[in-house]
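Numbering-wise (this note's numbering), the sequence shown opens with residue 8 and increments by one. Virtual Cβ for every residue (Gly too), placed ideally from N, Cα, C. Bear in mind that the values here come from a model prediction, so they are computed numbers and not experimental data. Worksheet: the structure to be examined is printed underneath.
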Amino acid sequence: MRALILGHALDPTANAAAAALHQRGGWQVIRHDIAGLAGARWHQRLAADGVITTRIETADGDIGACDVVLNRLGSAQALAFPGWSPVDRAYGQAEWLALLLSWLIALGGRVIGAPAGSELCGPANRPWLWMAAAARAGLVVHPGGATTSIRQFPPPRGSAERPELLAAAASAGPGDRATGHAAAVVAQCELLLVGDAVFGGVDPGPAVRAAALALAAAQRTPLLALTLAQAVDDPQWRFVAADAAPVVAEGAPLAALADLLQARAA
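Have a look at this one:
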């Protein structure tokens, strides 16, 4: 079987997954970063029935249709196109993004870390969008909010700052600023979802595990890291944040990732 692993040479998940497949035997593992893809010879064809076929000729042969793909690509803006004018560079990056999205989406279920919207590697939602998606999946959301002026609209007493909840410029008034805030945390746990398996140092209970898997399914990402927290006088585990491109580099989660790659290849 042929596995194509896309990502930076120093990406710990890409490196660990490649090593795990090599150890299992029976795998040809091909590695490429975004620059390597840009240097390949591409031929893409749209048939009359709407099916897209892609040939990507590299030193490893045609990698356009491997049995399974682990996608850890970052932004298309990583390609600097040296010597290009800013306008030409922006155009080239946009065209390159469109080509990669078309190819990866056409591969369907063979891709782990499939594009979402204009994101090359899974959903990269802003915090409020993750919170809304988590609530729809059945997770209780940790209380949070934002203020455009801590002087006029101060956060609740005892709140902790979460500036990422409001990406806005500071207010103009002296001693005033905009920020995000959330209820103070007394306990925190991290969950790592790999396929149908849920890993974590703390067991949040079957209802939370089921809702976490429902969130991953709704976002169409088999890899997902979740941060959960408990507030003061509240033992319930509540959703804080999510990451659809987590590090999976050792132990049982890595074995589960290798199993997932093998299942998708089959």
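Span of the beta strand (DSSP E), counted from its first residue to its last, around residue i
{"i": "T234", "result": "230–238"}
{"i": "L198", "result": "192–201"}
{"i": "G152", "result": "151–154"}
{"i": "A10", "result": "9–13"}
{"i": "W137", "result": "Looking at the DSSP string, W137 is not in any beta strand (DSSP E); the run it does join, the alpha helix (DSSP H), is 134–144."}
{"i": "E64", "result": "59–65"}
{"i": "Q51", "result": "48–53"}
{"i": "F206", "result": "204–207"}
Cut-off 8 angstroms between Cβ atoms - residues of its own chain near residue i, not counting five sequence neighbours on either side
{"i": "A190", "result": "H149, P150, G151, P163, G165, S166, A167, A238, V239"}
{"i": "A221", "result": "A144, G145"}
{"i": "V201", "result": "P229, L230, V255, P260, A263, L264, L267"}
{"i": "V205", "result": "L198, L199, R216, A219, L220"}
Contact under 9 angstroms by Cβ, residue i with residue j
{"i": "L199", "j": "L235", "result": "no"}
{"i": "W192", "j": "P19", "result": "Looking at the sequence itself, residue 192 is Val, so the reference to Trp does not match. Contact flag unset, no."}
{"i": "T61", "j": "A105", "result": "no"}
{"i": "P122", "j": "L108", "result": "yes"}
{"i": "C128", "j": "A248", "result": "no"}
{"i": "A139", "j": "Q226", "result": "no"}
{"i": "F246", "j": "V94", "result": "no"}
{"i": "H39", "j": "A47", "result": "yes"}
{"i": "R117", "j": "V76", "result": "yes"}
{"i": "G81", "j": "W91", "result": "no"}
Cut-off 6 angstroms between Cβ atoms - residues of its own chain near residue i, not counting five sequence neighbours on either side
{"i": "A85", "result": "I41"}
{"i": "G96", "result": "It should be pointed out that residue 96 corresponds to Arg in this sequence rather than to Gly. Answer for R96: F88, listed in chain order."}
{"i": "I59", "result": "L53, A113"}
{"i": "A23", "result": "A256, L261"}
{"i": "A277", "result": "No statement about residue 277 is possible, as the shown extent of the chain runs from 8 to 273 and does not include it."}
{"i": "D250", "result": "A232"}
The alpha helix (DSSP H) enclosing residue i, as first and last residue numbers
{"i": "N22", "result": "19–31"}
{"i": "W103", "result": "93–113"}
{"i": "Q269", "result": "258–272"}
{"i": "V3", "result": "The chain is shown from 8 up to 273; residue 3 falls before or after that span and cannot be answered."}
{"i": "V242", "result": "Per the sequence shown, residue 242 should be read as Pro rather than Val. No alpha helix (DSSP H) holds P242; the beta strand (DSSP E) holding it covers 241–250."}
{"i": "L44", "result": "41–45"}
Closest residue to residue i among the options (Cα-Cα distance)
{"i": "W110", "options": "A217, D250, L53", "result": "L53"}
{"i": "E257", "options": "A265, S82, G129", "result": "A265"}
{"i": "L17", "options": "A47, R79, A55", "result": "R79"}
{"i": "R133", "options": "A47, I157, L173", "result": "L173"}
{"i": "S156", "options": "T186, R216, R169", "result": "T186"}
{"i": "E171", "options": "T154, H50, A101, R158", "result": "T154"}
{"i": "W49", "options": "G43, D56, A55, E64", "result": "E64"}
{"i": "H15", "options": "H29, G43, R216", "result": "G43"}
{"i": "R169", "options": "H188, F160, G208", "result": "H188"}
Whole-number beta carbon distance between residue j and residue i, since they are thought to touch under 8 angstroms
{"i": "A272", "j": "D74", "result": "4 angstroms"}
{"i": "V36", "j": "A10", "result": "5 angstroms"}
{"i": "C196", "j": "P213", "result": "About 15 angstroms; that fails the 8 angstroms criterion."}
{"i": "A296", "j": "W103", "result": "Any property of residue 296 remains undetermined from this structure, which presents the chain solely from 8 to 273."}
Close beta carbons around residue i, own chain, < 7 angstroms, minus the five adjacent residues each side
{"i": "A218", "result": "A144, G145, L146"}
{"i": "A142", "result": "V148"}
{"i": "G207", "result": "C196, E197, L198, L199"}
{"i": "A25", "result": "I12, V36, R38"}
Min CB distance residue i to chain D below 9 angstroms
{"i": "L199", "result": "Among the chains in the structure shown there is no chain D, since it carries only a single protein chain."}
Proximity test, residue i beta-carbon vs the ligand FAD heavy atom, cut-off 8 angstroms
{"i": "L264", "result": "You won't find the ligand FAD in this model; it holds no ligand whatsoever."}
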